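In the numbering used here, the protein residues as written are 10 to 83.
Notes for the one structure printed next.
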């Protein structure tokens with residue numbers, strides 16, 4: 010799994026903490042939340058809202074919104 014997130018986002022922090030607590034392995038990619046063009050390039054096809062966190066599963070499905078991601082794994 011690949012997690013697009015930002016160190017400055019509290020919502021991303023919550024997802025990372027849940028993954029650590031549950032022992033879930035994932036790859037992390039830092040997204041500059043200030044630079045909209047970078048967000049568009051990285052997240053455009055994965056999350057139309059261009060928001061982090063966005064999780065991409067190994068089969069290509071993607072999920073946005075920290076609450077949805079945490080609920081999925083809870």
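Beta carbons: idealized from backbone N, C-alpha and C, even for Gly.
Since this is a predicted model, take the numbers as computed values, not measurements.
The alpha carbon of residue 11 has as its nearest neighbour, out of 61, 30, 31, 18, the alpha carbon of 61. Residue 13 counts as buried, since no fewer than 16 other beta carbons sit within 10 angstroms of its beta carbon. Residue burial is scored here from C-beta neighbours: residue 54 has fewer than 16 other C-beta atoms within 10 angstroms and is therefore classed as exposed. In the three-state reduction of the DSSP assignment, residue 65 falls in the strand class, which pools E and B. Within the DSSP secondary-structure output, residue 71 pairs in a beta bridge with 65.
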